Amino acid sequence: MSNPIIKINVKNYGTMTAELYPEMAPKTVENFLGLIEQGFFTGKVFHRVIKGFMIQGGAFTTDYKQIQAPSITGEFAANGFAQNTLKHERGVLSMARTNDPNSASSQFFVMHQDAPHLDRQYAGFGKLTDGFDVLDQIASVKTGRMGWYMQDVPTEPVEMESVEIVSR
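Under our numbering, the first residue of the sequence shown carries the number 41, and numbering increases by one thereafter.
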């Protein structure tokens, strides 16, 4: 049985294709696929972009209204989930969260460069197979602050037109 394949279609940038790893993070992958099937990611933006680190999105609309999905259990080693050995290398998809290890919901990030300090601390669940040029373009956008708490926000919205399941 092959792993699920998804496409993240980013307006004005192109498509990133990724393979998801349910053997590493089964509930995370199930949740992500369910959100895709609901069309949850359509019109959401990559709201945090740090070149040389990662791009993060999956909760804010183009006008920066936050829409959060229910939280899931954090499937990473520091949270007692030892089977997730996925390293946070370039192209890896992982779940964003607060200090609460079980606060991941819809926000995810794609590693622009390797970040071993995140290994075992966040639920990696997939990896890009294509579209690294799109990742690099997004990672290079101009960013700034929004309000008192949001930083590294693209000055022009980087919108996910759609996220689709290519195969299960």
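Glycine included, every Cβ here is placed at the ideal spot set by N, Cα and C. Only a predicted model underlies this, so the values are computations on that prediction, with no experimental measurement involved.
#1: Along the chain, which unbroken stretches of the alpha helix (DSSP H) at least 4 residues long are found entirely within the segment 42-94?
#2: Report the rounded CA-to-CA distance for Lys182 versus Val198, giving the unit in angstroms.
#3: Are the C-beta of Pro156 and some C-beta of chain B separated by less than 8 Å?
#4: For the pair the segment 60-78 and the segment 177-195, tell me if three or more CB-CB distances fall below 8 Å.
#5: Using a Cβ distance threshold of 8 Å, determine whether the segment 135-146 contacts the segment 104-114, with at least three qualifying pairs required.
#6: Residue range of the alpha helix (DSSP H) that Leu175 falls in?
#7: Do you know offhand how far Glu129's Cα is from Pro156's?
#8: Quick check on Val203: buried or exposed, where buried means 16 or more other Cβ atoms within 10 Å of its Cβ?
#9: Pop quiz: Phe165 and Thr57 are said to be a contact at Cβ under 8 Å. What is the actual Cβ separation, rounded to whole angstroms?
#10: Kindly indicate which residue of Ala65, Asp159, Gln106, Ser145 has the alpha-carbon position closest to the one of His87.
#11: By how many angstroms is the C-alpha of Asp103 removed from the C-alpha of Gln22?
#12: If we ignore side chains and look at the alpha-carbon of each, how far apart do Lys127 and Met151 end up?
#13: What residues in its chain sit with their C-beta under 6 Å from that of Ile90, if we drop five residues either side in the sequence?
#14: Mind pulling the beta strand (DSSP E) runs of 3 or more residues that sit fully within the segment 108-194?
#15: How big is the Cα-Cα spacing for Phe148 and Ser42?
#16: If we count the other Cβ atoms within 10 Å of its Cβ and call it buried at 16 or more, is Tyr189 buried or exposed?
#17: With respect to the beta strand (DSSP E) encompassing Val203, which residues constitute its N-terminal and C-terminal limits?
Reading off the structure:
#1: 66-77
#2: 11 Å
#3: Annotation note: the requested chain B is absent from the structure, which comprises a single protein chain.
#4: no
#5: yes
#6: 172-179
#7: 7 Å
#8: buried
#9: About 15 Å separates the two Cβ atoms, so there is no contact after all.
#10: Gln106
#11: This structure cannot speak to residue 22, because the chain is shown only from 41 to 208.
#12: 10 Å
#13: Asp192
#14: 132-135, 148-151, 164-170, 183-186, 190-194
#15: 22 Å
#16: exposed
#17: 200-207
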